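Residue numbers (the numbering used here), protein chains in the order written: chain A, 14 to 927; chain B, 3 to 231. One structure is given here, and the rest of the page talks about it.
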């Protein structure tokens, strides 16, 4: 086999350099995209885990209450606990630093505030004096409220010296701190890429709005105490009011929060990778058909069928190995590029982390490599099998080598439709409540396929079939969930849709080509006819190219429909819900993770600005809930009930609003209710600084504030229960009917107000600007998906070039004949350009149906299962039309190189070509 | 009508130069049927390729009605080939997905003739070559002789003045081969078309007016039909 590989396969691959190159690039792009996605999601998760780990130090357990924090009174109770060596209060905030000379301006900084007397029990801080001598207790330098320690590297980077004053953004506005020392890069000082500051926890309480609260209480156990036992005992002791967790467990909430995003990207990356299958099948099939005579000769001199099979399967694998190797290297750089360009925005939506360390693990490379090689091997199984069917007689046969006949191609493709149809029927029956056994259906399906195998001389062992089928679930329980198809069911539905669309490809192509032939007139009819004939004669291979193109386009359409529907729905919701004239946030344009909440006293100042009628403070707090992080949204309903615009899903609107405005109940958002199966809930229990609190539920509303869901309550109730006077945004209302000029005047007045200008870093946005910013944020979130889609289109493009180049090689003699009877080079080029266009149009037509169907399932079911939202499908035909036109144009561009190659063929060589 | 002037063709097989033609000259008059014979590798097909403008000579010239092919651009050569020259090949080279009628119409349509008119002309020629009842048949539904007649009909589509035939009987049985040769003879005699036939067939040269025998890329002898006999 090695001999055959060296003397035949490798030489052939070298002979067809362009085809080999394009195939390897096709696989490499898929693998690279996969690795890049793995890197970006891992970087986000690892960075968060690293930050937790670095800040946690030797801490064994933490008492947390989500973002709402824990009551400081708890510290006293824990300090005396016999199992604990230390209980250490911690506050952790992201803030912005500015130096007096503005050499450092609004630099993100992780500020950790600790108990200066006891914290060294859990964390190591290292500091040296001016002579390089280590200081025994650096925390003693934090003896003043405005004292701060900075990480040395950070300070040196921004040329900050000891005793220099710096400004930090706090909830009370900008505050001046004095740098009392520089921490060596060890332990917590390395967190958030070294952008780290340390201060006293009691000073931080005041400055960052944690009155009477800490973010966590970190625990050190006495020697000999077992962590699980103490964890259980403390949980019992706290009566479920707070969570007692190991620091590493705190990453779970972020992992869960990112699940939908992570899944969406992973699926897309897998689709891009899977598109390589089409390219490999196409390449190996072309290779087999063009080398039919050579295979016949091999068979004549005694090479066995299995050796022939192995030869081509190995060729496919070689493409995979080369593609995966190149792709792994490219993926490494692509991953770095993706982290640099996209991770920052994604991080600002989910959790702020240091992204300077990009995660790349060898397991990612191994996964990417094995997927690349695996799909290449799978893809070459069938063409290699076709090679084994060639007999020694083929040596003496002449005629066009690739002509398989459309009938055979159609039949083979439609075999693939059988499982899709069976699954569809199964799903319909399952939905109707019939208890069907998967394994029984699979057995029924296996029968015709085993006959088919027998036709080719292979006998399938029935006991083996039974053993494989026994692995399938006995009932359809995994496919169905209460009230409709579960996640597995919809996943199967999506795959079925895609497989059905792929297997119908040749059928749709034939119909389309017949239409084109019927409509074509004049000289172009002859050229179109030749183009169409080229496609029909290689229907199987052409369908493979179109299928790849179609999958790429369908996924693109799916993403477009998803993003457009999401944006449209959110836009119309904001139009309805957001009635304020101006929206004010601190330190960030919209309330992302990087925004620093400010004291609601700022609202009183804003109310004094001439032209302002009223101010409503809004607070958005993330809190842990059933292993995920949901939002608590506090709105000033008591004073702005007439401005409240809620879309009610469940409950009495009038009565519900009154109850919530009076602070007697809360609303649940629809997605929270669906995700947490709380559609009929009468109450909800939420973490608060005073422990878990039970709120009565007054109704369910539609709200897109948080993908994980939100509890909506009145601000007065929120302040009472959460002891939190902070606000993330302020909604400014002017007199009804205020003109644009008046709005601008108020905005200018706020921006120029000395107190607000000096103390805060306010973003004052008009209603329209704020909406625009939200839309922009959605686009940024999907930017990576668009980039992956670009990769998919490049692979589809390669597929078309590959297919057409093979056609040029195969039709060389015919091209010679056409030229010899008077076709100009331009006319020959037009034949191939038209062929490219016809392939692309076929792909576009099928992708329209497939994309819309998948989008419908995605929006109504998958998205609903993951987020609890069921979005109505929204699209603009002209945009879709334009996208399809662009796709066809891309297809035509892909035809340029093959068309040039065809037009440039030397006539007498072409006529001699066999 | 056709002048072949001192044609030299050298090509390279790897780095080794191969002298396919080393100064071939002859003329063909209107309505004359010339056969080119010679052993394998003597340069017969190369001469035909150069006459048809399918390939370019290293030196020398080919003139058709005093127009030098060498001086024509690629497009002009294509037009010349389409309008004035008809090709017939050994393996027929019909497009397998097209019917006889469509194969014959194709050069006309490519030249801008309306489809209806092209098909009318194609039907006329096919009838002329005795295939009036086979116009709708595809190549794989026709015998070898019939396929070659379709190829001749396609060569005649533009009513060319020169027919170039490369081993047209090489893939046919004796009876069909004879029919094809008689047809080419008739084109020269009755329609005053010049025919250049490259052949290995020992009987084929008998249909020509003159025979040019090539050996090692040179003209070995030119004989009139009577002399050849």
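The beta carbon of each residue, even a glycine, is placed where N, CA and C say it ideally should be. Note that the coordinates shown come from a computational prediction; the quantities given were computed from them, not determined experimentally.
{"query": "Whether or not the region 576-587 of chain A and the region 788-799 of chain A are in contact is what I'm after, with contact meaning three or more pairs of Cβ atoms, one per stretch, closer than 8 Å; do they touch?", "result": "yes"}
{"query": "Which residues of chain A have a Cβ atom closer than 8 Å to the Cβ of residue 89/B, listed in chain order?", "result": "833 and 834"}
{"query": "Considering only residues of the same chain and omitting the five flanking positions on each side of residue 15/B, which have a CB-CB separation below 8 Å?", "result": "none"}
{"query": "Can you tell me the Cα-Cα spacing of residue 144/B and residue 893/A, whole angstroms?", "result": "48 Å"}
{"query": "What are the complete beta strand (DSSP E) segments, minimum 3 residues, inside the region 572-618 of chain A?", "result": "595-599"}
{"query": "Quick one: is residue 43/A near chain B, going by C-beta distance under 9 Å?", "result": "no"}
{"query": "I'd like to know if residue 121/B contacts chain A, where contact means its C-beta is closer than 9 Å to some C-beta of that chain.", "result": "no"}
{"query": "Using the beta-carbon of each residue, which ones in chain A are nearer than 7 Å to residue 109/B?", "result": "834 and 835"}
{"query": "For the region 515-569 of chain A, list the alpha helix (DSSP H) runs that are entirely contained and at least 4 residues long, ordered along the chain.", "result": "518-532 and 535-550"}
{"query": "Report buried or exposed for residue 735/A, applying the criterion of at least 16 other Cβ atoms within 10 angstroms of its Cβ.", "result": "buried"}
{"query": "Against residue 80/B, what residues of chain A qualify as contacts under a CB-to-CB distance less than 8 Å, listed in chain order?", "result": "832, 835, 836, 837 and 838"}
{"query": "Give me the chain B residues within the contact set of residue 546/A, using Cβ-Cβ distance strictly less than 9 Å, ordered along the chain.", "result": "97, 98, 99 and 100"}
{"query": "When you compare the CB positions of residue 947/A and residue 840/A, do they come within less than 9 Å of one another, or not?", "result": "As shown, chain A starts at 14 and ends at 927. That puts residue 947/A outside it, with no answer to give."}
{"query": "Quick check on residue 553/A - is its C-beta less than 9 Å from some C-beta in chain B?", "result": "no"}
{"query": "What number of angstroms, rounded off, separates the C-alpha of residue 87/A from the C-alpha of residue 231/A?", "result": "12 Å"}
{"query": "Excluding sequence positions up to five away, which residues of its chain have a Cβ less than 8 Å from the Cβ of residue 64/B?", "result": "4, 5, 6, 7, 9, 52, 53, 55, 70, 71 and 72"}
{"query": "Short of 8 Å in beta carbon distance, which residues of its chain neighbour residue 85/B, apart from the five on each side in sequence? Order them along the chain.", "result": "113, 160 and 162"}
{"query": "Can you look up residue 193/A in the DSSP assignment and give me helix, strand or coil?", "result": "strand"}
{"query": "Between 124/B, 226/B and 95/B, which lies nearest to residue 173/B when the distance is taken from Cα to Cα?", "result": "95/B"}
{"query": "Helix, strand or coil, according to DSSP, for residue 145/B in the structure here?", "result": "coil"}
{"query": "Could you check whether the Cβ of residue 349/A sits closer than 9 Å to any Cβ belonging to chain B?", "result": "no"}
{"query": "Compare the Cα-Cα distances from residue 123/A to each of 112/A, 688/A, 201/A and 651/A and report the closest residue.", "result": "201/A"}
{"query": "If we ignore side chains and look at the alpha-carbon of each, how far apart do residue 658/A and residue 756/A end up?", "result": "22 Å"}
{"query": "DSSP has residue 21/B in a bridge; who is on the other side?", "result": "12/B"}
{"query": "How many whole angstroms separate the CB atoms of residue 334/A and residue 386/A, which I take to be in contact at a CB cut-off of 8 Å?", "result": "6 Å"}
{"query": "Return the first residue and the last residue of the beta strand (DSSP E) that residue 56/A is part of.", "result": "Run containing residue 56/A: none in the beta strand (DSSP E); it sits in the alpha helix (DSSP H), 30-69."}
{"query": "Which value, in whole angstroms, describes the spacing of the CA atoms of residue 388/A and residue 518/A?", "result": "21 Å"}
{"query": "Taking the Cβ atom as the reference point for each residue, do residue 538/A and residue 530/A lie within a distance shorter than 9 Å?", "result": "yes"}
{"query": "Name, please, each residue of chain A whose Cβ falls closer than 9 Å to the Cβ of residue 57/B.", "result": "919, 920, 921 and 922"}
{"query": "Could you work out which residue in 138/A, 160/A, 256/A and 172/A is closest to residue 204/A when comparing CA atoms only?", "result": "138/A"}
{"query": "Consult DSSP for residue 78/B and reduce its assignment to one of helix, strand or coil.", "result": "helix"}
{"query": "Who does residue 29/B pair with in a DSSP beta bridge?", "result": "5/B"}
{"query": "Check the DSSP bridge columns for residue 744/A and list the partner residues they point to.", "result": "596/A and 629/A"}
{"query": "Could you tell me the alpha carbon to alpha carbon distance between residue 897/A and residue 822/A, rounded to whole angstroms?", "result": "29 Å"}
{"query": "Does the region 114-134 of chain B touch the region 191-202 of chain B, meaning 3 or more C-beta pairs lie closer than 8 Å?", "result": "no"}
{"query": "Could you name the residues that DSSP lists as bridge partners for residue 80/A?", "result": "78/A"}
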